[in-house]
Amino acid sequence: MMTFENRFRLLNSKNKHWKKFQPFWTVGNILFVFVFLVPTMLQVPDQEQARQMVFSFSHQPTTSSFRLIRIVLTLKNSGSRGIMLNQLFLITLLAPIVTFAAEGSVYAAGQILCDEKPYAYQPVRIYEKNYVLADELWMETLTDKNGNFSMKVSGTDLISITPYVYIPIFCKTVLSLGRRCSRSAMQLNIPSEYVSETHFADKMFDIGVVDLDDNYYTERSGLGWITLGMFTPTVECRDY
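Below, the structure written as structure tokens:
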């Protein structure tokens, strides 16, 4: 027999437009913490049980949400107070940070050229876009002798997964006074349909063949998009 909880999960997994509602889901979870979790913690006499509840809620928020609602109803008339306020404050502060993390994985590949020649043994990265803090590096690799690269990686973010491929452009640069600096960088945002909601990427985002000597196309997002890249650093230097 399929329970309401299982039907709720099934609906979420089949809804292709679920990502559009993730911010609302996050706000709902925050309200849940203060409306249900806090009163429940105040009514649980056993502190170890309280910690187990938070651990369970942090790792399985959907399942634990229903469980905590039932506990709140069970303890509705209880007057017991078994957890100190300072512990409650820390738990309430940390629970949303752990709980409201979106998971995702990506698979990106392609070939990079420099003036029609392989852009060999050069760095390619996948970052996760953070709209307030610095973007998070998920993975870095080097192209092979033919300029090909292939990257599979998974990670988490607070609300939604918005990764991008980042390629520093050292094409046609020279070593001067022991330093070689990139001319710029290419950023290609990975479309949401190529982001899997599990730890195993099931679709490949193929950037095709890109020649960095051409008028390459680059994308920005967040503050980089608003300021047209003005405050987004794209130049890096190395000693080789």
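Count along the sequence shown from 1, add 1018, and you get the number used in our numbering.
Where is the CB? At the ideal position from N, CA and C, for every residue including glycine.
Nothing here was measured: the structure is a model prediction, and the numbers come from that model.
For Lys-1147, count neighbouring Cβ atoms within 10 angstroms of its own Cβ and tell me buried if that reaches 16, exposed if not.
buried
Rounded C-alpha distance that separates Gln-1078 from Ser-1178:
Model confidence at Gln-1078 stands at a pLDDT of 48, short of 50, so the residue's coordinates are unreliable; what they give is reported in the following sentence. Spanning the two alpha carbons is a distance of roughly 17 Å.
Would you grab the beta carbon distance between Val-1142 and Ile-1187 for me? Rounded to a whole angstrom, and I think it's under 8 Å.
No, Val-1142 and Ile-1187 are not in contact; Cβ-Cβ is about 11 Å, not under 8 Å.
Looking only at DSSP bridge pairs, what is Thr-1159 linked to?
Val-1142
Straight-line CA distance for Met-1169 to Thr-1159?
7 Å
Count the other C-beta atoms from every protein chain shown that fall within 10 angstroms of the C-beta of Asp-1153, then say buried if there are 16 or more, exposed otherwise.
buried
Let me make sure I understand the geometry here. Which of Val-1124, Val-1150, Ala-1219, Gln-1129 has the alpha-carbon closest to that of Leu-1230?
Closest by alpha carbon: Gln-1129.
Measure the alpha-carbon distance for Asp-1175 versus Glu-1121 and round it to whole angstroms.
7 Å
Which residues does DSSP list as the beta-bridge partners of Gly-1122?
Gly-1173
Val-1228 - containing beta strand (DSSP E), residue span
1222-1229
Which residues mark the beginning and the end of the beta strand (DSSP E) in which Ile-1187 is found?
1181-1187
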